[in-house]
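Trainee:
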Amino acid sequence: MKKHFLFASVFLVSITLSGQNERYVAAMEKGLAILDTARTSGGFLQASNHFERIANVEKQAWLPGYYVSYSNMMMATMYMQEGKLEQCAAHLDKAQTFLDAVKILAPEESEVYTLQGFIFQGRIWDNPMVNGAKYSQLSFTTLDKAISLNEDNPRPYYLKGQSLLYTPTFYGGGPKTAMPLLQKADEKFESFQALSPLHPNWGAGTNKWMIEQAQKMEQSGN
Amino acid sequence: MRPIFTFALILSLFQLTAQTIIVSGAVKSADGQPVIGANVFLKDTYDGTSTDGSGNYSFSTDVTGAQVLSISCIGYENYEQPLVLSNENIAINIQLKPTATELDAVVITAGAFEASDERKGVVLSPLDILTTAGALADIAGAMNTLPGTQIVGEEGKIFVRGGAAHETKTFIDGLNVQNPYSSTLPSIPARSRFSPLLFKGTTFSTGGYSAEYGQALSSALLLETQDIAPKTITGISLMSVGLGLSHTQNFGKASLAVSTDYINLAPYTHLVKQNIDWVKPFQGIGGQVVFRYKTSETGILKVQASGSSNGFLMNYPNADNVALRNKLSLNNDNYFGNASWKEIVGKNWTLFAGAALSQNSDVIESNFGLDTREVAAQGKVTLKYSGKDIGIKFGAEYWNTGFKERFQDESGMVFKTELNDQYAAFFSESEVSLSPKVAFRAGLRLEHSALIQDWSLAPRLSAAFKTGNYSQVSMAYGTFYQKPENTLLRYNTKLDFERAAHYIVNYQVMQNRRTFRIESYYKKYKDLVQYAENEVTHSTNNGYGAAWGMDVFYRDQKSIKYGDFWISYSFLDTRRKYLAFPVEATPNFASRHNLSVVYKHWIQRLTTSLGLTYSYSSPRPYDDPNAAGFMTGRTSPYNDLSLSASYLTNILSNFTVLFISINNLPGFNNTFGQQFSNTPNAEGDFTGIAVRPPAKRFFFVGMFVSIGEKWGTN
Chain A
1 MKKHFLFASV FLVSITLSGQ NERYVAAMEK GLAILDTART SGGFLQASNH
51 FERIANVEKQ AWLPGYYVSY SNMMMATMYM QEGKLEQCAA HLDKAQTFLD
101 AVKILAPEES EVYTLQGFIF QGRIWDNPMV NGAKYSQLSF TTLDKAISLN
151 EDNPRPYYLK GQSLLYTPTF YGGGPKTAMP LLQKADEKFE SFQALSPLHP
201 NWGAGTNKWM IEQAQKMEQS GN
Chain B
1001 MRPIFTFALI LSLFQLTAQT IIVSGAVKSA DGQPVIGANV FLKDTYDGTS
1051 TDGSGNYSFS TDVTGAQVLS ISCIGYENYE QPLVLSNENI AINIQLKPTA
1101 TELDAVVITA GAFEASDERK GVVLSPLDIL TTAGALADIA GAMNTLPGTQ
1151 IVGEEGKIFV RGGAAHETKT FIDGLNVQNP YSSTLPSIPA RSRFSPLLFK
1201 GTTFSTGGYS AEYGQALSSA LLLETQDIAP KTITGISLMS VGLGLSHTQN
1251 FGKASLAVST DYINLAPYTH LVKQNIDWVK PFQGIGGQVV FRYKTSETGI
1301 LKVQASGSSN GFLMNYPNAD NVALRNKLSL NNDNYFGNAS WKEIVGKNWT
1351 LFAGAALSQN SDVIESNFGL DTREVAAQGK VTLKYSGKDI GIKFGAEYWN
1401 TGFKERFQDE SGMVFKTELN DQYAAFFSES EVSLSPKVAF RAGLRLEHSA
1451 LIQDWSLAPR LSAAFKTGNY SQVSMAYGTF YQKPENTLLR YNTKLDFERA
1501 AHYIVNYQVM QNRRTFRIES YYKKYKDLVQ YAENEVTHST NNGYGAAWGM
1551 DVFYRDQKSI KYGDFWISYS FLDTRRKYLA FPVEATPNFA SRHNLSVVYK
1601 HWIQRLTTSL GLTYSYSSPR PYDDPNAAGF MTGRTSPYND LSLSASYLTN
1651 ILSNFTVLFI SINNLPGFNN TFGQQFSNTP NAEGDFTGIA VRPPAKRFFF
1701 VGMFVSIGEK WGTN
C-alpha cells in the first residue's frame, strides 16, 4: 500500500510539475505572439503586462523579466519617435528596473548585456547634447561585453551599427563606419540559432532595414 | 487511512482548480480619469489582463480562496487588495494613487537656480553655462545672465540682489573656495578660476539657501564636480590668447586627468586697440590634476589640485597728476586642492567627508607696494538620511584661515597685518514631504569665529506647495551671517558678524520645455561695518541696509525648432548706510534694472551652434566729490551684444570644435563711472578719469581638438 502511494504521489507531483512547465511555455509563447504582432506602444504594453505577470510568478526564470524590459524599451523607442520624451524616460526607467532584476538571475548572459546597451542608447535620446558622450560610451562598452560573452550573438553588432549610423560624422559616426557592423550583424543573423523558441531572437528585419538606410545615406552623401 | 486521506486532498485540489470565474471592474485615477493599460492580475498567478481604453478590465481565473488582486501601472503607486474568490464572478473597481516621481514632486525652488544633467526638472544644464554667448566659458559670466544678478562690468564678479561681490561665496563639492576669481586690479574684470567643464551640477542660490552653507550674506554658488571620466581622451586647444593641452585616462574604476594651459594676451593686445596702456599684457601658466576613484559600488573619492601663476604690467593714469603715469603690476600665484569622499553607509545613510587647502599670493607693485598672502585649510563632514518622505542632514565644518599683508606707501613706510582665524560651524537640516504636493525644510546653523570671538545661530526655513500639475509656489526665510572682510578686520578685530535676513516668495511653472519663474524678495541687512568719524580704524557694527526687488525668468526650448532662449529681468531697490557712507544711499554696485536675453540656435546643415546674448544694466550711482550730495554721479547704462559660433567638425577623424566669439559687437560705449584724485587741483576740483572696459570689444577664436578612441571600435 505504501509503495503504491509513493508511486502515485511521485506520479502526481511530476504531472503537476510538467503541467506547470507547460503552462509556463504556453504563457511565454502567448507573450511572444503578442510581442510579434505589436506595432504600437499599446501593443507592446500588452506584451509588457503579460510578461510581467509571468515574471511575478516565475521568480527564477530570466526570460519573462527580460521581455518586460525589452517591451518597455520598444515603447520608449516609439515615444521617442513621437517626441514624447517624458513617457520615453518613464519606460526606459521601467526597462532598467526589470533588467536589473534579470542581471541577478543571468549575470553572464550576452542577451542581457545587449539589452542593457540598447537601454543606454535610449538614454541618449532624452538629451543628445548632454547625455550623448556619456551614454554612447557606456552603450558601446556594454555591447562589447555582450560580444565577448557570445560572439555569435548578432544583436550587439546590430545595435552598435544602428547607433553609429545615427551618430554625426564629426563624432566619428555615419554610414561608412556603421556599414561593416550592420553587415557583420546580418551574417550572424543568418546563422544564429536561438537556444529555444523562447530565447531572444529579434532584430534581423530591422538590421536589414538599417543596411538599406545606410546605403541611401551614403548615396546621398550624408 | 492516512494515504487515502492525502490522496483525496490532492484530488480535491485538482477539483478546486477546475472552476472558472470572471474578475472584472474599472481602474480609475484619483481624479476619476480611466487608467489605460494598467496591469491587473492575481498575485502569484499568471491570471490577469490590461485595462482597455476606458480603464475597464475583465479576466478569467480558475484559482479560488484567499487571493491578492494586484495592479501596476507607470505613473501610479502599485496597488494590492486581498480578496476571497469562490465560484462566483466578482467585480472590483479600483482607484490608483499617482506616484511622486522626481519630476512631479514639489521641489523647493525659492532662491535657487539649478543646472544638472542628473536631476530632472532643473532650469539649466551644465552645457548651457558653457555655451552662453558673451560669457566665454566663465561661470560668473553665465550666472550674470540669470535673474537676481546685477552686472558690474569693471568687476566681472557675481553681485546678487544689492549685495557686494564678497557676499556671494563659491563652494566646490560642499567646500568653500577662498579665491574663486582670478586676481585683478581695478577696471580689469575678473574671471572664475574654474572651468565649467569640471562640473556636472551647478546650483546658484540668490538667497534663502540651505543651512549647510554659511558665511555668505547674499548668495551661494554650489558647484559639484564630475565623476569618473568615461573616456580616455587627449585634448589640444589653440586659442587667440594661448594654448592648452590635456589628457584624460580612464582606468575603469578610476580616472586621471592632467591639463596645462598657457595664456598670453600680448599678441592680441597688439592687434586690437586697448583702453589700457599695457607694458606687459596678461601672461600666465596653469596646471590641473583631477583624480577619481570608485571606492566601492556606491562610493567615490574625488581629488583635484590646481596651480597657476600669472601677472601683468601697465601704465596707470594718476588722477592726482595727469601728466604722470605710474607703472602698476600684479603677480598672482594660486594653489588649490580639494578632496572628498562620499559613500552610502547603511540603508538610507550617506556619509560625506571633504578637505580643502588653498594658498593665494598677490604682489602689487607701483609707486606703492602691496603683498597679500592668504592661506586656508578646511574640513567638513556631513551625514545624510534619505527616507521616503523625510530627509535629515547634519554636519560640521572647520576653517583655518590666514591673511598676511605688507603695505609700503609712497614714502616707504611699511604697514604689516596678520590675521588668523579658526572658524567652526555645525548645521542640521531636515526636509519633510507631507505629500507629493507639500514640502518643508527647516535648518539651523551654529557658527563661531575665534578671531572676532563671536557666535551666531542662523535659522533657515523654506516650503513649497504644488498649485497645479506643473506649477508651484515656494517660500524661504533665513538669517545669514558673515565675518567682516579682512580689509576691515585689519584695523579692528572687535567687530561682530554682519547679518542679513532674506524673505523670498517664488512662483514657477514648468511645462513642455518651457519655464516661467517670478520671484520677489526682501533682504534686511543689520550689523554692517560702519566707520565712526569717517575713520576705518574706528569701525562699529552700526551699519544697516535693505534691498527688495522682483526677478522674472522665462525659458523656452520648445517654440523655435533647434532654438532655445531665456530672458531674465531683475528689478532692485536697495539702500544702505555702511562703511564711510554719510547717509543712506544705493551702493555703487547696485543697478535698478537688469535684463539679459540669451539665444542659442543649432544649424543642423552646418553642424554649427550659434549663440547670442544681449545684456542691459541701468546706470549705477557713484560718488562725485565735485558735486553736491553723496552718490549723485551716474555711470552710463551698460549695453552688450555678444555673438558666438561653434562649428563641430573633425580633423583627421578627431572631434574638433572651432569657436569664435565677439563681445560687444555693436561697440556700445560703456563707462563705469570715474576715478577721482585724492586731492583737489588748483581750481579746487577733483580730477576724474573715466573707468572703461580694457577694450571696447573682445574677440576670441579657438580650436579644440579631442583625440580619443573611436566609437564602436573593439
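These protein sequences, in sequence, are chains A and B. So in our numbering, spot 30 of the first sequence is number 30, and the numbers just go up one at a time. So the mapping is simple: our numbering equals the position in the second sequence, first residue as 1, plus 1000. Glycine included, each C-beta is placed from N, C-alpha and C at the ideal position.
Taking Cβ to Cβ, would you say B/N1338 is nearer than 7 Å to B/I1172?
Mentor: Yes. Within cutoff.
Trainee: Skipping 5 residues on each side, what residues in its chain have a beta carbon closer than 6 Å to that of A/M217?
Mentor: P175
Trainee: How is B/M1413 classed by DSSP in three states: helix, strand or coil?
Mentor: coil
Trainee: Please classify B/R1499: does DSSP put it in a helix, a strand, or coil?
Mentor: strand
Trainee: What is the DSSP secondary structure of B/A1590, reduced to helix, strand or coil?
Mentor: coil
Trainee: What residue range does the alpha helix (DSSP H) around A/K188 cover?
Mentor: P175 to S191
Trainee: Quick one: Cα of A/Q46 to Cα of B/G1037, how far?
Mentor: If you draw a straight line from the Cα of A/Q46 to the Cα of B/G1037, it comes to about 7 Å.
Trainee: Do you know whose CA, among B/H1270, B/V1068, B/N1664 and B/T1149, lies nearest B/V1552's CA?
Mentor: B/T1149
Trainee: Starting from B/Y1335, trace the alpha helix (DSSP H) both ways and give me its first and last residue.
Mentor: Note, B/Y1335: premise wrong, no alpha helix (DSSP H); beta strand (DSSP E) at R1325 to I1344.
Trainee: For A/T37, is the classification buried or exposed, using 16 other Cβ atoms within 10 angstroms of its Cβ as the cut-off for buried?
Mentor: exposed
Trainee: When we look at the beta-carbon of B/I1603 and count the other beta-carbons within 10 Å, is it buried (16 or more) or exposed?
Mentor: B/I1603 comes out exposed.
Trainee: Just curious, the alpha helix (DSSP H) that B/L1215 is in, first and last residue?
Mentor: Note that residue 1215 of chain B is Gln in the sequence shown, not Leu. Element bounds for B/Q1215: n/a, residue is neither H nor E.
Trainee: According to DSSP, is B/I1090 helix, strand or coil?
Mentor: Three-state DSSP puts B/I1090 in a strand.
Trainee: Would you list the residues sitting across from B/N1469 in a DSSP beta bridge?
Mentor: Answer is none; B/N1469 lacks a bridge partner.
Trainee: Look up B/R1514 in the DSSP assignment and give the residues it is bridged to.
Mentor: B/Q1511 and B/D1556
Trainee: With which residues is B/W1566 paired in a DSSP beta bridge?
Mentor: B/R1555 and B/V1598
Trainee: Since A/L159 is in the alpha helix (DSSP H), which residue starts that stretch and which ends it?
Mentor: R155 to L165
Trainee: Alpha carbon to alpha carbon, how far is B/N1326 from B/W1278?
Mentor: 12 Å
Trainee: List the endpoints of the continuous alpha helix (DSSP H) containing A/N207.
Mentor: A204 to Q219
Trainee: Threshold first: 3 residues or longer. Then list the beta strand (DSSP E) segments lying entirely within the stretch 1019-1058 of chain B, N to C.
Mentor: 1021-1029, 1039-1042 and 1048-1050
Trainee: Excluding the 5 residues flanking B/A1690 on each side, which residues of the same chain have their C-beta closer than 7 Å to its C-beta?
Mentor: T1671 and Q1674
Trainee: Identify the contact partners of A/Y171 in chain B, using a Cβ-Cβ distance below 9 Å as the criterion.
Mentor: Annotation: Cβ neighbours of A/Y171 in chain B (cutoff 9 Å, chain order): L1648, N1650, F1655 and W1711.
Trainee: So the candidates are A/L85, A/E108, A/D152 and A/T77; which of them puts its Cα closest to the Cα of A/F118?
Mentor: When each option's Cα is compared against that of A/F118, the closest is A/T77.
Trainee: Closer than 8 Å by C-beta to A/A194: which residues in its own chain qualify, once you throw out the five before and the five after it? Chain order, please.
Mentor: P200 and N201
Trainee: Which first and last residues belong to the beta strand (DSSP E) in which B/V1258 is found?
Mentor: A1254 to N1264
Trainee: Does any C-beta atom of chain B lie closer than 7 Å to the C-beta of A/E52?
Mentor: Yes, because at least one Cβ of chain B sits closer than 7 Å to the Cβ of A/E52.
Trainee: Considering only residues of the same chain and omitting the five flanking positions on each side of B/T1295, which have a CB-CB separation below 8 Å?
Mentor: Shown here for B/T1295: same chain residues with a beta carbon closer than 8 Å to its own, the five before and five after excluded, namely L1301, W1341 and E1343 in chain order.
Trainee: Does B/G1201 get closer than 7 Å to chain A when you measure Cβ to Cβ?
Mentor: no
Trainee: Any Cβ of chain A within less than 7 Å of the Cβ of B/S947?
Mentor: This structure leaves residue 947 of chain B out entirely; chain B is present only between 1001 and 1714.
Trainee: Within the same chain, show all residues whose beta-carbon is closer than 7 Å to that of B/Y1483, passing over the 5 residues directly before and after it, in chain order.
Mentor: The sequence shown places Lys at residue 1483 of chain B, rather than the Tyr named in the question. Closer than 7 Å at the Cβ level, and outside the excluded window around B/K1483, lie Q1215, S1449, I1452 and F1497.
Trainee: In chain B, which residues lie less than 9 Å from A/N201 when you measure between Cβ atoms?
Mentor: By Cβ distance, chain B contributes nothing, its closest Cβ being about 23 Å from A/N201, past 9 Å.
Trainee: Straight-line CA distance for A/N49 to B/N1506?
Mentor: Those two C-alpha atoms are separated by around 42 Å.
Trainee: Pick helix, strand or coil for B/A1682, following the three-state DSSP scheme.
Mentor: DSSP, reduced to helix, strand and coil, places B/A1682 outside both helices and strands of the structure shown, so it counts as coil.
Trainee: Could you tell me the alpha carbon to alpha carbon distance between A/T16 and A/R53, rounded to whole angstroms?
Mentor: Summary for A/T16: the model assigns pLDDT 49, below 50, so the residue's position carries little reliability; its value from the coordinates is reported in the next sentence. One C-alpha to the other measures close to 20 Å.
Trainee: Going residue by residue through the stretch 85-150 of chain A, where are the continuous alpha helix (DSSP H) segments of at least 4 residues, counting only ones entirely within it?
Mentor: 85-105, 110-126 and 128-149
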